[in-house]
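As you go down the protein sequences, you meet chains A and B in turn.
Position 238, counted from 1, in the first sequence is what the numbering used here calls 238; the numbers after and before it change by one each time, with no gaps.
Position 111, counted from 1, in the second sequence is what the numbering used here calls 1111; the numbers after and before it change by one each time, with no gaps.
Notes for the one structure printed next.
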Amino acid sequence: MKLSRKAATGAAALIIVASVAGCSSPSASSNELTFVTDKSWDFEKFSAVSKDDMDVALDPAYYADVNAFQAFIKQSFRSNKAPGLFTWHTGSSLEDLVAEGLVAETTEIWDKAIADGNISESVKDLYTIDGAQYCTPISVDNWVMYYDKRTFADLGLEVPTTWDEMMTTADTLVDAGVAPFWNSGGNPWAFVWFQILTAGTDVDLYNALIAGEAKFTDPEIVEVMNIWLDMKENGYFTDPGSKTPAETQIKDQEVAMIPFGTWYSSTLDTVGLESGTDWGVFPIPNVNPEQETIPVAIETAPACVPEKSAQRDLGLEYSEWWMGTTAQTAWSEQQGNLPFNPNATAGTEEFQKIGQEYADPKYEFYLRYYEAAPAPILTASLDEFTGFMTNPGDPMPFLEGIQRVADEYWSEN
Amino acid sequence: MPARTARQRDAWAFMGPGVAVVLLALYIPVLYTVYLSFTEYDGLGDPTWIGVDNYVEMFHDPAILLSIVNTLAWVLGTLIVPVGLGLLVAYLAYGLRGAAWLRVPFLIPYALSGVAVGVIFSFVLQNGGALSQALAFLNLPGSELRWLQDAPLNTIVMILAASWQGVGVNALLFTVGLQSIPKEPLEAARVDGAGGFRLFASMVWPLLRPTTTIVVGLSIVNSLKTFDIVQSMTQGGPNRVSETLGVTMYRETFLNNEYGMGSAVAIFLTVITVAASLIYLRRQLSLGDAAPKTDAAPKGARRA
Chain A
1 MKLSRKAATG
11 AAALIIVASV
21 AGCSSPSASS
31 NELTFVTDKS
41 WDFEKFSAVS
51 KDDMDVALDP
61 AYYADVNAFQ
71 AFIKQSFRSN
81 KAPGLFTWHT
91 GSSLEDLVAE
101 GLVAETTEIW
111 DKAIADGNIS
121 ESVKDLYTID
131 GAQYCTPISV
141 DNWVMYYDKR
151 TFADLGLEVP
161 TTWDEMMTTA
171 DTLVDAGVAP
181 FWNSGGNPWA
191 FVWFQILTAG
201 TDVDLYNALI
211 AGEAKFTDPE
221 IVEVMNIWLD
231 MKENGYFTDP
241 GSKTPAETQI
251 KDQEVAMIPF
261 GTWYSSTLDT
271 VGLESGTDWG
281 VFPIPNVNPE
291 QETIPVAIET
301 APACVPEKSA
311 QRDLGLEYSE
321 WWMGTTAQTA
331 WSEQQGNLPF
341 NPNATAGTEE
351 FQKIGQEYAD
361 PKYEFYLRYY
371 EAAPAPILTA
381 SLDEFTGFMT
391 NPGDPMPFLE
401 GIQRVADEYW
411 SEN
Chain B
1001 MPARTARQRD
1011 AWAFMGPGVA
1021 VVLLALYIPV
1031 LYTVYLSFTE
1041 YDGLGDPTWI
1051 GVDNYVEMFH
1061 DPAILLSIVN
1071 TLAWVLGTLI
1081 VPVGLGLLVA
1091 YLAYGLRGAA
1101 WLRVPFLIPY
1111 ALSGVAVGVI
1121 FSFVLQNGGA
1131 LSQALAFLNL
1141 PGSELRWLQD
1151 APLNTIVMIL
1161 AASWQGVGVN
1171 ALLFTVGLQS
1181 IPKEPLEAAR
1191 VDGAGGFRLF
1201 ASMVWPLLRP
1211 TTTIVVGLSI
1221 VNSLKTFDIV
1231 QSMTQGGPNR
1241 VSETLGVTMY
1251 RETFLNNEYG
1261 MGSAVAIFLT
1271 VITVAASLIY
1281 LRRQLSLGDA
1291 APKTDAAPKG
1301 ARRA
């Protein structure tokens, strides 16, 4: 009896030790890179390319909820479970990680990529913090206006090249019972039209606002909001509370134009719309024709390597490979988007054309509001813009709501 | 004594893992959350001690105050609708032939998660959605209403959506309660001429008290921590008008990266949930006690 009790005690202790030990051992093999992401892209398919080319495969873990994903990543830095590679966002989110020394520097990789002509200097700026680079891009997406070629053809509409032409096009669409522009409240897309209208009016003002050097209550911003209000009153937008996805609305010809990054083409594929025949893209014209450059929003999906990851070196090796011509051509072909590597080829003719267009120096690239605005200001903005879209009227109370949060944030940072 | 000590040691060996899990999974996280609520922390680096600033700020934020009001509306709404309807369904079906089959349709939604219910009702209740289309088709008023966009309408319809899911399980609990009521007192009441509402109010309702206590207690706790259905239907919006404390906690922690404020909301929510449960249950248990109420009397003595 005594023996069996001792044996049971020992067994219980063994189970605990075994379970603790089980928690700490990394599961990936030496040529398998643990990769954690909040993107729904098919990384398993892409992994086959890297397996062939560099004999390293990705072992992806997907998070559907971006907030749960970010909480996981933050916690992983405190344990030995940090992945070899993970997706993140540029702007203030990346600055937070760098400030704590949590991600590996990638300056050498960037220097080599630029020397090889694999990426432009302008993209490097998005990854530069205090003179050094951190993380590397999986993709860099420029914003365009997607339009329904079928609706445009039905109504005899031409692609607009100025803001006034776009408004005239919108009037025709309203008369035909089609919503000209898609918009949506809530997180994440409530910022879209504020971004377009502010940068399209004065991109320097946009950048000053992001840096806390201008106020949301400044008369210039109020004027931007009034343009938005006029557009809403003219019936230019879809219902901001609609739960029907934008791609379904354009497929059903309920909306004619959707402003998004070039990543959106793969989403349009999912509803059976084809590039070139069903949809095309054009640069979003300036609201203010006097503005010298045409601002284009840019967003980029970085892949980062935790400084203390057990797979740090493998992660950096993979990051370097992902920026190269072979990887970017395969990635663009898989995703149907615009490759940032000039040596790689775009997957579709539409994007080949817009890629050439954006190479013109008249275009100026700025960071998308979602990444550029600090987290509390972004959250307040999404709430207030949703309120404004839902109950359009005097914009000042909404702008004051954002400015209150901005004042508090900038007083502490 | 040595044998007893050895037995105690063996007992601890078996209890140890369980106690360790409880400490690790329950006590330490709660204590850590209490600590975080007194700090400023963005999830990276080290928390900075700021005393009660988060709590002070919380009670000065009009959006959080509205969130508290909305949470109380959920408590009240879920007491009236799903608990009330659950009781009605259970009582009306009780004793009928095939009553179990009558209750089944009410019970099926309980198998769904709150998020699934939220997604389904989002499509029903969105502008121009199924409900608006149905009302317009039937020439009934209300097709122009913005069910999910205007407050307090959005909170009301979300409570109704949650009720759709919750009625069945409440009906089931009340049915079990009804089945446990002894037949004799009811028959005696009938012999004395009681029937209909009088029978329910004077006999059934008092005898159902143990079940009602459980159902109402669960309803209070569940409604105070409402999160999933609101998050999936309105995200607490537009512009925070339909936020509940559960959504506020999530928003502050995971959207704003303000873990300190999120923890303060979590602790506040925990305190009012525990307080509401304790006050309600103590009151109900003391009401159910046949012995005269004397606060000084120990609990054991009262039960005896």
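Just so you know, even glycine gets a beta-carbon here, dropped at the ideal spot from N, CA and C.
Bear in mind that the values here come from a model prediction, so they are computed numbers and not experimental data.
- Alpha carbon of Arg150 (chain A) to alpha carbon of Leu157 (chain A), nearest angstrom: Arg150 (chain A) and Leu157 (chain A) have their alpha carbons spaced roughly 10 Å apart.
- Message: If we define contact as Cβ-Cβ less than 7 Å, is Thr386 (chain A) a contact residue for chain B?
- Response: Yes, Thr386 (chain A) lies at the interface with chain B (some Cβ there is under 7 Å from its Cβ).
- Task: Give every residue of the same chain whose Cβ lies closer than 6 Å to the Cβ of Met145 (chain A), excluding the five residues on either side of it in the sequence, and list them in chain order.
- Result: Only residues of its own chain outside the window of five on either side were considered, and among them Met257, Pro259, Phe282 and Ile284 have a CB closer than 6 Å to the CB of Met145 (chain A), listed in chain order.
- Output the residue ranges of the beta strand (DSSP E) runs that lie fully inside the stretch 24-83 of chain A and measure 3 residues or longer, sorted by chain position. Within the stretch 24-83 of chain A, the complete beta strand (DSSP E) runs of at least 3 residues are 32-37 and 57-62.
- Leaving out the 5 sequence neighbours to the left and right, which residues in its chain are closer than 7 Å to Ala21 (chain A) when beta-carbon positions are compared? Any reading at Ala21 (chain A) needs caution, since the residue's pLDDT is 44, under 50, leaving its predicted position unreliable; the model's value is listed next. Apart from the 5 residues on each side of it in sequence, Ala21 (chain A) has no Cβ closer than 7 Å to any other Cβ in its chain.
- Return yes when the Cβ of Gly186 (chain A) is within less than 7 Å of the Cβ of Thr379 (chain A), no when it is not. For Thr379 (chain A) and Gly186 (chain A), no; Cβs fall outside 7 Å.
- Among A:Ser411, A:Thr390, A:Arg404 and A:Val405, which residue has its Cα nearest to the Cα of Ala1151 (chain B)? The residue among A:Ser411, A:Thr390, A:Arg404 and A:Val405 with its C-alpha nearest the C-alpha of Ala1151 (chain B) is A:Thr390.
- Message: So Phe1137 (chain B) and Ala1130 (chain B) are supposed to be a Cβ contact under 8 Å. How far apart are they, rounded?
- Response: With a Cβ gap of about 10 Å, Phe1137 (chain B) and Ala1130 (chain B) do not count as contacting.
- Task: Give the range of the beta strand (DSSP E) segment to which Trp143 (chain A) is assigned.
- Result: Trp143 (chain A): member of the beta strand (DSSP E) spanning Thr136 to Asp148, first to last residue.
- Query: So Ala113 (chain A) is in the alpha helix (DSSP H); what residue range does that whole segment cover?
  - Reply: Here the alpha helix (DSSP H) through Ala113 (chain A) covers Thr107 to Ala115.
- Any non-hydrogen atom of the ligand HEM within 6 Å of Asp42 (chain A) CB: This structure does not include the ligand HEM; it has no bound ligands of any sort.
- Message: Check whether chain A comes within 7 Å of Arg1283 (chain B), counting only Cβ atoms and requiring the distance to be less than that.
- Response: Interface annotation, Arg1283 (chain B): not in contact with chain A, CB-CB separation never under 7 Å.
- Could you give the C-beta distance for Gln1231 (chain B) and Tyr1259 (chain B), rounded to a whole number, given that I count them as a contact under 8 Å? Actually they do not touch by this definition, with Cβ atoms about 18 Å apart.
- Item | Where the stretch 181-192 of chain A meets chain B: residues whose CB sits under 7 Å from a CB there | Identification of residues in the stretch 181-192 of chain A having a C-beta nearer than 7 Å to some C-beta of chain B yields Gly185, Gly186 and Asn187, given in sequence order.
- Item | Cβ-Cβ distance between Asn1154 (chain B) and Pro1082 (chain B) below 7 Å | Contact: no.
- What are the residues that DSSP puts in a beta bridge with Met257 (chain A)? DSSP output for Met257 (chain A) lists A:Tyr147 and A:Phe181 as bridge partner(s).
- Item | Where Pro1141 (chain B) falls: helix, strand or coil (DSSP) | In the three-state reduction of the DSSP assignment, Pro1141 (chain B) falls in the coil class, being assigned neither a helical nor a strand state.
- Item | Members of the stretch 76-105 of chain A that neighbour chain B once the beta carbon cut-off is set at 8 Å | Within the stretch 76-105 of chain A, the residues whose Cβ lies closer than 8 Å to some Cβ of chain B are Phe77, Asp96, Leu97, Ala99, Glu100 and Leu102, listed in chain order.
- Task: Flag this pair as yes or no: are the beta carbons of Asn118 (chain A) and Asn341 (chain A) separated by less than 7 Å?
- Result: Taking 7 Å as the Cβ cut-off, Asn118 (chain A) and Asn341 (chain A) qualify as a contacting pair.
- Message: Pop quiz: Pro395 (chain A) and Leu205 (chain A) are said to be a contact at Cβ under 8 Å. What is the actual Cβ separation, rounded to whole angstroms?
- Response: Pro395 (chain A) to Leu205 (chain A), Cβ: 15 Å. No contact.
- Opening and closing residue of the alpha helix (DSSP H) in which Phe282 (chain A) lies: Phe282 (chain A) -> not in any alpha helix (DSSP H); beta strand (DSSP E) instead, spanning Trp279 to Phe282.
- Assuming Ala406 (chain A) contacts Gly91 (chain A) (C-beta within less than 8 Å), just tell me the rounded distance between them. 15 Å between Cβ atoms; not a contact.
- Query: Roughly how many angstroms separate the alpha carbons of Pro1182 (chain B) and Ser1163 (chain B), rounded to a whole number?
  - Reply: The alpha-carbon of Pro1182 (chain B) is positioned some 30 Å away from that of Ser1163 (chain B).
- Near-chain B residues of the stretch 60-73 of chain A - C-beta to any C-beta below 8 Å: The residues in question are Asn67, Ala68, Gln70 and Ala71.
- Message: According to DSSP, simplified to helix, strand and coil, what is Thr293 (chain A)?
- Response: Thr293 (chain A): coil per DSSP, three-state reduction.
- Neighbour flag for Leu1044 (chain B) against chain A, beta carbons, 7 Å: Yes, contact with chain A.
- Query: In this structure, does DSSP put Trp1074 (chain B) in helix, strand or coil?
  - Reply: It is helical.
- Query: Over what stretch of residues does the beta strand (DSSP E) that includes Thr329 (chain A) continue unbroken?
  - Reply: Run containing Thr329 (chain A): none in the beta strand (DSSP E); it sits in the alpha helix (DSSP H), Thr325 to Gln335.
- Query: Quick one: is Arg1240 (chain B) near chain A, going by C-beta distance under 7 Å?
  - Reply: With a threshold of 7 Å between beta carbons, Arg1240 (chain B) makes contact with chain A.
- Taking only beta-carbon positions, decide if Asp204 (chain A) is within less than 7 Å of chain B. For Asp204 (chain A), not one C-beta of chain B is nearer than 7 Å to its own C-beta.
- Query: Is Phe1227 (chain B) close to chain A, meaning its C-beta is less than 7 Å from at least one C-beta of that chain?
  - Reply: With 7 Å as the cut-off, Phe1227 (chain B) does not count as an interface residue toward chain A.
- Task: List the residues of chain B whose Cβ lies closer than 7 Å to the Cβ of Asp154 (chain A), in chain order.
- Result: Near Asp154 (chain A) there are no residues of chain B at all, since even the closest Cβ is about 23 Å away, more than 7 Å.
- Can you give me the Cβ contacts of Gln328 (chain A) inside the same chain, cut-off strictly under 6 Å, excluding the 5 residues immediately before and after it? Only Pro339, Asn341 and Ala344 meet the Cβ criterion.
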